[in-house]
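Presented below is the structure to which this report refers.
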Amino acid sequence: DAGVIQSPRHEVTEMGQEVTLRCKPISGHNSLFWYRQTMMRGLELLIYFNNNVPIDDSGMPEDRFSAKMPNASFSTLKIQPSEPRDSAVYFCASSRSSGVSYNEQFFGPGTRLTVL
Amino acid sequence: GQQVMQIPQYQHVQEGEDFTTYCNSSTTLSNIQWYKQRPGGHPVFLIQLVKSGEVKKQKRLTFQFGEAKKNSSLHITATQTTDVGTYFCAGPLSYNTDKLIFGTGTRLQVFP
Numbered sequence: 001d002a003g004v005i006q007s008p009r010h011e012v013t014e015m016g017q018e019v020t021l022r023c024k025p026i027s028g029h030n031s032l033f034w035y036r037q038t039m040m041r042g043l044e045l046l047i048y049f050n051n052n053v054p055i056d057d058s059g060m061p062e063d064r065f066s067a068k069m070p071n072a073s074f075s076t077l078k079i080q081p082s083e084p085r086d087s088a089v090y091f092c093a094s095s096r097s098s099g100v101s102y103n104e105q106f107f108g109p110g111t112r113l114t115v116l
Numbered sequence: 117g118q119q120v121m122q123i124p125q126y127q128h129v130q131e132g133e134d135f136t137t138y139c140n141s142s143t144t145l146s147n148i149q150w151y152k153q154r155p156g157g158h159p160v161f162l163i164q165l166v167k168s169g170e171v172k173k174q175k176r177l178t179f180q181f182g183e184a185k186k187n188s189s190l191h192i193t194a195t196q197t198t199d200v201g202t203y204f205c206a207g208p209l210s211y212n213t214d215k216l217i218f219g220t221g222t223r224l225q226v227f228p
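Taken in order, these protein sequences are the chains called Z and E. Our numbering numbers the first residue of the first sequence as 1 and each following residue consecutively. Our numbering numbers the first residue of the second sequence as 117 and each following residue consecutively.
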C-alpha cells in the first residue's frame, strides 16, 4: 500500500515567491496533519483536518500560511509570500480517527523548503 | 500551554551499551506514543501506551508509562548502529483529540 505522498520533495525559492506544498493521505484515513520541523523549534503542528474540515489551525504562524483540503485524498499548504525564516522540512501525516486520540500517525517523506 | 520535554537532548553511546530517553509532560496524558526518525527521514510510529504503569517491549526496546501518566521512558538494551536516529514521545493535547504534542526529541548516535 502507498504511504502518505508529498510533493515536491525539495523546493528552493526566492523570498516573496508563493510556495505550494501538496499531500495525498493514505486512503481511508480521515485525519490529516501538517507539521513543520526545524532545529530550533522541533516538530510543530501547523494545522489538522478531520473529514476534510480544519479543526485546529492555531499552529499556523501567520496569515501568509494557508491550508486547504478540498477532498479526502488531497491537501495543500501554501505560503505567500515566502520568507527565509520559513525554511524548514514540512511533513504531512494522516491517521484513521475514531474520535479518540488513540491513533498512530503516518508521516510522509516531507518537503524540504529553502527560501533564499 | 502544555509542554512535553525529553532528556537528554543528545546521547552518544558505544555499540552494545544501553540507552534511555525520558519524556515528561506538564499535564496528565490519556496515552503516549513514541516515534523514531532516522537521519534525513520522517517520524515512524513505534508504539502507544495507554494504561498507568504500562510496560511494553519490542525486542531490545522497552517502553514504560508512568503511574501518574505524566512521564514515560524508552530503554534500548545493547544498542546497534541501526538504532541511530531521533526518538520522540508524543501525547494528545487533550482527551478526544487527534492533536499530538511532540516532545523535544532525543538524538541517539551509536559508534561501532
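Even glycine gets a Cβ: it sits at the ideal position worked out from N, Cα and C. Predicted model only: the values in this text are computed from it and were never measured.
For residue i, decide whether its Cβ has a neighbour in chain E, counting only Cβ atoms nearer than 8 Å.
{"i": "Arg48 of chain Z", "result": "Before going on, a small fix: residue 48 of chain Z reads as Tyr here, not Arg. For Tyr48 of chain Z, the answer is yes, since a Cβ of chain E falls inside 8 Å of its Cβ."}
{"i": "Asp57 of chain Z", "result": "no"}
{"i": "Glu11 of chain Z", "result": "no"}
{"i": "Gly28 of chain Z", "result": "no"}
{"i": "Asn52 of chain Z", "result": "no"}
Can you check which of these residues, the options, is closest to residue i by C-alpha distance?
{"i": "Val200 of chain E", "options": "E:Thr222, E:Gln119 and E:Asn187", "result": "E:Thr222"}
{"i": "Gln180 of chain E", "options": "E:Asn147, E:Pro159, E:Phe218 and E:Phe227", "result": "E:Asn147"}
{"i": "Ser73 of chain Z", "options": "Z:Val115, Z:Asp57, Z:Glu104 and Z:Ala93", "result": "Z:Ala93"}
{"i": "Ser58 of chain Z", "options": "Z:Gly28, Z:Phe33, Z:Ala2 and Z:Gln80", "result": "Z:Phe33"}
{"i": "Thr137 of chain E", "options": "E:Lys215, E:Thr178 and E:Lys173", "result": "E:Thr178"}
{"i": "Asn140 of chain E", "options": "E:Lys185, E:Gln225, E:Leu209 and E:Thr213", "result": "E:Lys185"}
{"i": "Thr213 of chain E", "options": "Z:Ala88, Z:Thr111 and Z:Asp56", "result": "Z:Asp56"}
{"i": "Leu209 of chain E", "options": "Z:Glu44, Z:Leu21 and Z:Cys23", "result": "Z:Glu44"}
On the premise that residue j lies in contact with residue i, defined as a C-beta separation below 8 Å, what is that separation, rounded to the nearest angstrom?
{"i": "Pro234 of chain E", "j": "Thr197 of chain E", "result": "Nothing in the structure corresponds to residue 234 of chain E, since chain E is present only between 117 and 228."}
{"i": "Ser75 of chain Z", "j": "Thr13 of chain Z", "result": "Wrong, their Cβ atoms sit about 20 Å apart, outside the cutoff."}
{"i": "Gly207 of chain E", "j": "Leu162 of chain E", "result": "Actually they are not in contact, since the Cβ atoms of Gly207 of chain E and Leu162 of chain E sit about 14 Å apart, beyond 8 Å."}
{"i": "Phe91 of chain Z", "j": "His128 of chain E", "result": "The Cβ separation is near 26 Å, so there is no contact."}
Does residue i pass the burial test, meaning 16 or more other C-beta atoms within 10 Å, or should it be called exposed?
{"i": "Tyr126 of chain E", "result": "exposed"}
{"i": "Ser97 of chain Z", "result": "buried"}
{"i": "Pro8 of chain Z", "result": "exposed"}
{"i": "Lys173 of chain E", "result": "exposed"}
{"i": "Asp63 of chain Z", "result": "exposed"}
{"i": "Asn103 of chain Z", "result": "buried"}
{"i": "Glu131 of chain E", "result": "exposed"}
Output yes if chain Z places a C-beta closer than 8 Å to the C-beta of residue i; else output no.
{"i": "Pro159 of chain E", "result": "yes"}
{"i": "Thr137 of chain E", "result": "no"}
{"i": "Gln149 of chain E", "result": "yes"}
{"i": "Lys152 of chain E", "result": "no"}
{"i": "Gly221 of chain E", "result": "yes"}
In terms of residues, what are the limits of the beta strand (DSSP E) holding residue i?
{"i": "Gln6 of chain Z", "result": "Ile5 to Ser7"}
{"i": "Val120 of chain E", "result": "Val120 to Ile123"}
{"i": "Met69 of chain Z", "result": "Phe65 to Asn71"}
{"i": "Val171 of chain E", "result": "Val171 to Gln174"}
{"i": "Lys78 of chain Z", "result": "Phe74 to Ile79"}
{"i": "Ile55 of chain Z", "result": "Val53 to Asp56"}
{"i": "Leu32 of chain Z", "result": "Ser31 to Thr38"}
{"i": "Lys215 of chain E", "result": "It is not in any beta strand (DSSP E) - Lys215 of chain E carries neither H nor E in the DSSP assignment."}
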